[in-house]
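Trainee: Numbering (the UniProt record's numbering), first residue to last: 1 to 99.
Beta carbons: idealized from backbone N, C-alpha and C, even for Gly.
This is the structure, below, for whatever I ask next.
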């Protein structure tokens, strides 16, 4: 767990918002119901909700992926992102024990 990468990823309002959305994807992305939530949320849905360009959202998601905060699944041409709850549990322990 690279602490610097994690805190860098968390230091942006929009990235925090995306992580909050991914915590409860069924509530945040109801339009994805026909496809299910097992693989995560399609990057296009995240981009539409954030109201940012595709390149900005992709960069934000890449930063969060490098930090281990999200996992990525490719299905055909689609890319899905899911919050990595194990990373958040480890981060919670880190903050509690070391900071």
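(1) What's the call for residue 29, buried or exposed, on a 16-neighbour Cβ count within 10 Å?
(2) Can you grab the Cα-Cα spacing for the pair residue 34 / residue 78, in whole Å?
(3) Suppose the cutoff is 7 Å on Cβ atoms and the five residues either side in sequence are ignored; what does the same chain contact list for residue 75 look like?
(4) In its own chain, which residues sit with a C-beta less than 7 Å from the C-beta of residue 57, not counting the 5 before and 5 after it?
(5) Could you tell me the boundaries of the alpha helix (DSSP H) in which residue 53 lies?
(6) Expressed to the nearest angstrom, what Euclidean distance is found between the alpha-carbon atoms of residue 15 and residue 83?
(7) Which residues does DSSP list as the beta-bridge partners of residue 83?
(8) Rounded to a whole number of angstroms, what is the C-alpha to C-alpha distance between residue 12 and residue 36?
Mentor: Result, derived from the coordinates:
(1) Buried: at least 16 other Cβ atoms inside 10 Å.
(2) Inter-residue distance for residue 34 and residue 78 is about 15 Å (C-alpha atoms, whole angstroms).
(3) Excluding residues up to 5 positions away in sequence, 39 lie with their Cβ nearer than 7 Å to the Cβ of residue 75 in the same chain.
(4) For residue 57, same chain residues with a beta-carbon under 7 Å away, outside a window of 5 residues either side, are 43, 46, 47, 50 in chain order.
(5) Per DSSP, residue 53 lies in no alpha helix (DSSP H) and is assigned neither H nor E.
(6) Spanning the two alpha carbons is a distance of roughly 12 Å.
(7) Bridge partners of residue 83: 70.
(8) A direct Cα-Cα distance of roughly 28 Å separates residue 12 from residue 36.
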